[in-house]
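Trainee: Mind looking over this structure? Questions follow.
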Amino acid sequence: MNIKFNKIEKSRVGDIDFDNIPFGKIFTDHMFVADYADGKWSNYEICPVHKLEIHPGNLAWHYGQAIFEGMKASVTKDRVPMLFRPEMHAKRINASARRMCMPEFPEKDFVEAIHTLVHLEQNWIPPHKGSALYIRPFMIAMDEAIGVRASDTYKFIVFTMPVGPYYSQPVKLFAQDTYVRAVVGGVGEAKTAGNYAASLYPATMARKEGYDQVMWLDGIHKKYIQEVGTMNIFFVINNEVITPNLDGAILAGITRDSVLHILRDRGYNVSERQITIDEVMEAGKNGSLTEVFGTGTAAVIAQVDRIKYKENEIFLSDDQWNISTMLKNFVNELRDGSLEDLYGWTVPAENVWNI
Ligand SMILES: Cc1ncc(COP(=O)(O)O)c(C=O)c1O
């Protein structure tokens, strides 16, 4: 594959105040772009971040063929840029692509593009604890036509941005029993734009009442817990660590998978099973619920101190948050290289395309 490299004349990295980085607002210098047409991907290019020219009839805008990934790169103390399980993201974007009737992007090329781009942008990775380079690969339909059908042309793009810690405080959850995020057989398992659009109205309502995130219940019975905003969710009840099983409506989180491995290796009693909101509220009342935490690339591990459901509310006290604190430290230390990675999840970002 011939990869074009159009390098920026002067990096903007010197202008950035790494002590004050708002989440998701600062873009680095370069992005990776590829085009799909005539049944194949081509025009691989790393170029300066720039605006795209998009026709008003672009199919993605009307019928929602848009998928994405969210990844993070960190730096070790010696400033080696590190990726975390990039091949898992390559697989997941292609699972999303299949469900949304979009072409798969070759996994090898996905991983190599991320390696090369992050290697190129490594000076943008903030050295501060909990900070990282957020990586956003995405794919959109590009056909210019109206009519509900799959596009024949697509763009795959990766851009990156320096980010600070996502949550600095424990989060408050609002268990939503009117609106649902996904149903089994729908697109909940795909990381597709419409899932996030559908979450905005309930999330805004929850925020108005003082809660950070919606906790979604299943779309049929509205009683089984699914996930939270942009995180999977874990509960510790009587020393059993429980997370909802992947039923097809939940996003298969890569942090969730990592946390399950870590907990099982350390001998915790871990269950992937259905868990109802009633079980959680009851355990919160009788004191057997000791920890609740979300897992996700952006937040890593986000501890929860309050859950509201209908007229009831439960509170969690931080003196019992042993498992989530261990996990938070463990994952962060894996990512910054201060812990030996026996899993082989962290890999140095390399300039594999020699640009
Ligand atoms: C809906 C949803 N659930 C869970 C997650 C957590 O997934 P991961 O750990 O792969 O970031 C995310 C974030 O990608 C998400 O958007």
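In the working numbering, each residue carries its 1-based index in the sequence shown increased by 8. Backbone N, C-alpha and C fix where the C-beta goes; we use that ideal spot for every residue, glycine too. Computed from a prediction, not measured in an experiment: that's the story for all the values here.
ILE258 to GLU235, Cα distance in whole Å?
Mentor: For the purposes of this step, residue 258 is identified with residue 250 of the sequence shown, where counting begins at 1. For the purposes of this step, residue 235 is identified with residue 227 of the sequence shown, where counting begins at 1. The alpha-carbon atoms of ILE258 and GLU235 are separated by roughly 7 angstroms.
Trainee: Are the region 238 to 254 and the region 301 to 308 touching, with three or more C-beta to C-beta distances below 8 angstroms?
Mentor: Counting Cβ pairs under 8 angstroms, three or more are found: they touch.
Trainee: Between LYS18, PHE182, VAL339 and LYS116, which has its C-alpha nearest LEU271's C-alpha?
Mentor: Taking the first residue of the sequence shown as position 1, residue 271 is located at position 263. Looking at the Cα atoms, VAL339 is the closest of the given residues.
Trainee: Which value, in whole angstroms, describes the spacing of the CA atoms of ASP160 and GLY196?
Mentor: Counting from 1 along the sequence shown, the entry for residue 160 is found at position 152. Counting from 1 along the sequence shown, the entry for residue 196 is found at position 188. Rounded to the nearest angstrom, the two C-alpha atoms are 24 angstroms apart.
Trainee: Determine the contact status of PHE40 and ALA121, defining contact as a CB-CB distance below 8 angstroms.
Mentor: As a first step, residue 40 must be located in the sequence shown, where it is residue number 32. As a first step, residue 121 must be located in the sequence shown, where it is residue number 113. Taking 8 angstroms as the Cβ cut-off, PHE40 and ALA121 qualify as a contacting pair.
Trainee: Determine the extent of the alpha helix (DSSP H) in which ASP286 is found, giving its start and end residues.
Mentor: The residue given as residue 286 occupies position 278 in the sequence shown. Segment 285 to 294, the alpha helix (DSSP H) holding ASP286.
Trainee: Which residues mark the beginning and the end of the alpha helix (DSSP H) in which LYS180 is found?
Mentor: Indexing the sequence shown from 1 puts residue 180 at position 172. LYS180 -> not in any alpha helix (DSSP H); beta strand (DSSP E) instead, spanning 179 to 184.
Trainee: Is the beta carbon of SER104 sitting closer than 8 angstroms to the one on ILE75?
Mentor: Within the sequence shown, the letter at position 96 stands for residue 104. Within the sequence shown, the letter at position 67 stands for residue 75. Yes, they are a contact pair.
Trainee: Does the region 312 to 329 touch the region 290 to 298, meaning 3 or more C-beta pairs lie closer than 8 angstroms?
Mentor: Result yes; three or more Cβ-Cβ pairs closer than 8 angstroms.
Trainee: Measure from the alpha carbon of ALA190 to the alpha carbon of each residue in GLY218, SER176, TYR175 and HIS229, then state which is nearest.
Mentor: On the sequence shown, residue 190 is found 182 positions in, with the first residue counted as 1. Here the closest residue by C-alpha is HIS229.
Trainee: Looking at C-beta atoms only, is the number of pairs between the region 202 to 214 and the region 243 to 256 that lie closer than 8 angstroms three or more?
Mentor: Taking 8 angstroms as the limit for Cβ pairs, the verdict is that the region 243 to 256 does not touch the region 202 to 214.
Trainee: For VAL41, write down the residues that DSSP places opposite it in a beta bridge.
Mentor: Taking the first residue of the sequence shown as 1, we reach residue 41 at position 33. DSSP, once it has assigned bridges, lists GLU53 and ILE165 as partnering VAL41.
Trainee: How close, in whole Å, do the beta carbons of ALA357 and PRO134 come, if the pair is a contact with beta carbons under 8 angstroms?
Mentor: For this step, residue 357 is matched to residue 349 along the sequence shown. For this step, residue 134 is matched to residue 126 along the sequence shown. Between PRO134 and ALA357 the Cβ distance is about 15 angstroms, and since that is not below 8 angstroms, they are no contact.
Trainee: May I have the straight-line CA-CA distance separating GLN130 from ASP185, to the nearest angstrom?
Mentor: Walking along the sequence shown from the start, residue 130 turns up at place 122. Walking along the sequence shown from the start, residue 185 turns up at place 177. Rounded to whole angstroms, GLN130 to ASP185 spans 44 angstroms at the Cα level.
Trainee: Give me the Cβ distance between LYS163 and ILE148, rounded to the nearest whole Å; I'm assuming they're in contact under 8 angstroms.
Mentor: On the sequence shown, residue 163 is found 155 positions in, with the first residue counted as 1. On the sequence shown, residue 148 is found 140 positions in, with the first residue counted as 1. Their Cβ separation, rounded to whole angstroms, is 6 angstroms, which keeps LYS163 and ILE148 in contact under 8 angstroms.
Trainee: As a quick exercise: from HIS70, TRP329, PHE26 and ASP151, pick the residue whose alpha carbon is nearest that of ILE309.
Mentor: Taking the first residue of the sequence shown as 1, we reach residue 309 at position 301. Ranking HIS70, TRP329, PHE26 and ASP151 by Cα distance to ILE309 puts TRP329 first.
Trainee: Which stretch, first to last residue, makes up the alpha helix (DSSP H) that contains GLU115?
Mentor: Translated into positions along the sequence shown, residue 115 becomes position 107. That run of the alpha helix (DSSP H) goes 115 to 128.
Trainee: Ligand 1 heavy atoms versus the CB of THR238: any closer than 7 angstroms?
Mentor: Here the question's residue 238 lines up with position 230 in the sequence shown. THR238 Cβ: within cutoff of ligand 1.
Trainee: Using 7 angstroms as the cut-off, classify the Cβ of GLY72 as near or not near the heavy atoms of ligand 3, replying yes or no.
Mentor: As presented, the structure is devoid of ligand 3, carrying ligand 1 as its sole ligands.
Trainee: According to DSSP, which residues form a beta bridge with SER279?
Mentor: Residue 279 sits at position 271 when you count from the first residue of the sequence shown. SER279 pairs with ILE250.
Trainee: Check whether the Cβ of ILE262 sits closer than 7 angstroms to any heavy atom of ligand 1, and report yes or no.
Mentor: If you number the sequence shown from 1, residue 262 lands on position 254. Indeed, a heavy atom of ligand 1 lies less than 7 angstroms from the Cβ.
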